[in-house]
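In the working numbering, the protein residues as written are 1 to 380. Beta carbons: idealized from backbone N, C-alpha and C, even for Gly. The next block holds one structure in the form of structure tokens; read it before the comments.
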Ligand code: ADP
């Protein structure tokens, strides 16, 4: 037990990454007066306005991570593409790193991730890992995924023919069975230092067909109570298998035959949990901080149904950002606009999000859909 609660500067938390996720973590824990600094390569990232310190440096660079860590008692991440070698070194010297670097490494590589599910008997689609592009792939169609990173923004493709296949780069990859997806479900789970695991209610996700970004998230998911319970159980079992401390965002496929498969997980706060800020007693961001500081995990019960939509930069414009059409939105009841403070817009760049809470989830969905159309983000 804590003899001294980690508030009011007693514990300093450093976040690798100063994007919108870091910004929302800090926003949610400011009322506890928790001291938070961020490390980010850009001079004025979204979290800079809220952080106690914003250090310019690259979280992918070994020396930058080691130097940043000196001033902090606990380090965490808002992006998984960080230098885990530096984090392992710091951890071996006794620094608290949550999520642990060995857990982050499972989820940074899709091949390692798939093998992890397989070894731990966690249901996932059939797959084969390859060190490079195989000469003769098995029968079409299938899903091809680059093991790491996105190559020219195309890290995942459905391959229907030899012609599609020939377009792919020669990089380490996973070849997966094409799943007959009925719905995509998200469950955000937290595990604290003491090993307590608490999940948020499952959400359902709808995707943008071209940008491959989450377009609309709503809660509760439109599935039976039995499937809700199974989704939560499956997500918690992944968190327990990893032993993670912090947030694990679990994405599930529900197949047309009603089977649940783990698609992928992120060891950090996630887009599928943004609506928890307004919709649940505790948000995913506050819960993350509770988990890594070994505080009791908060109640994740939903106060009202909710829907969340990302607001993306317009497809045809790049440059200094301007916004049009916010007035009507600001008059709507239960509607919350979040702007991340990015000064430059680009096609499909995540510039903010809109959450609507309403006792009727259909009304919340419709409201978010309408305002996503009328609210425009474009270059000046
Ligand atoms: P990313 O890392 O880009 O988020 P995902 O693995 O989540 O990649 O895949 C992106 C989307 O592609 C999924 O949300 C889903 O719609 C589709 N997808 C991924 N894997 C499969 C699969 N095995 N079968 C069918 N669709 C898939």
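Put simply, the backbone Cα of residue 133 is about 25 Å away from that of residue 80. With a threshold of 6 Å, the Cβ atom of residue 286 does not count as near the ligand ADP, since no heavy atom of the ligand is closer than that. Linking residue 303 to residue 189 through their CA atoms gives a straight-line distance of about 18 Å. Closer than 6 Å to some heavy atom of the ligand ADP: that does not describe the Cβ of residue 269.
Each residue's CA atom was taken as its position, placing residue 376 and residue 351 some 11 Å apart. Not one heavy atom of the ligand ADP is found less than 6 Å from the C-beta of residue 216. Note on the region 77-148: whole beta strand (DSSP E) runs with a minimum of 3 residues are 127-130 and 142-146, in chain order. The Cβ-Cβ distance between residue 357 and residue 371 does not fall below 7 Å. In this structure, the ligand ADP has a non-hydrogen atom nearer than 6 Å to the beta-carbon of residue 264. Checking the 6 Å criterion, the Cβ of residue 204 is out of range of every heavy atom belonging to the ligand ADP.
If one requires a minimum length of 4 residues, the alpha helix (DSSP H) runs lying completely within the region 159-203 are 162-166, in chain order.
In this structure, 59 is the residue among 59, 75, 71 and 63 with its C-alpha nearest to the C-alpha of residue 82.
Of all alpha-carbon atoms in 239, 53, 263 and 148, the one lying nearest the alpha-carbon of residue 170 is that of 148. When secondary structure is reduced to three states using DSSP, residue 38 falls in the strand class. In the structure shown, the three-state DSSP call for residue 23 is helix. Assignment of residue 282 by DSSP, reduced to helix, strand and coil, places it in the coil class.
Classified as exposed, residue 167 has fewer than 16 neighbouring CB atoms from the shown chains inside 10 Å of its CB.
In this structure, DSSP gives residue 368 a helical state, which the three-state scheme calls helix.
In this structure, the straight-line span from the alpha carbon of residue 331 to that of residue 216 is close to 21 Å. If you check the C-beta of residue 178 against the ligand ADP, you find a heavy atom less than 6 Å away. Following the DSSP letters along the chain, one finds residue 323 inside the beta strand (DSSP E) bounded by residues 319-324. In the structure shown, residue 59 adopts coil according to DSSP, grouped into three states.
In the three-state DSSP reduction, residue 277 falls in the helix class (H, G or I). Where residue 259 is concerned, there is no enclosing beta strand (DSSP E), because DSSP gives it neither an H nor an E. Between residue 202 and residue 186 the beta-carbon gap is near 7 Å, inside 8 Å, which marks them as a contact.
Leaving aside the five residues that flank residue 297 on each side, the residues in its chain whose CB is nearer than 7 Å to its CB run, in chain order, 190, 192, 196, 198, 287, 290 and 291.
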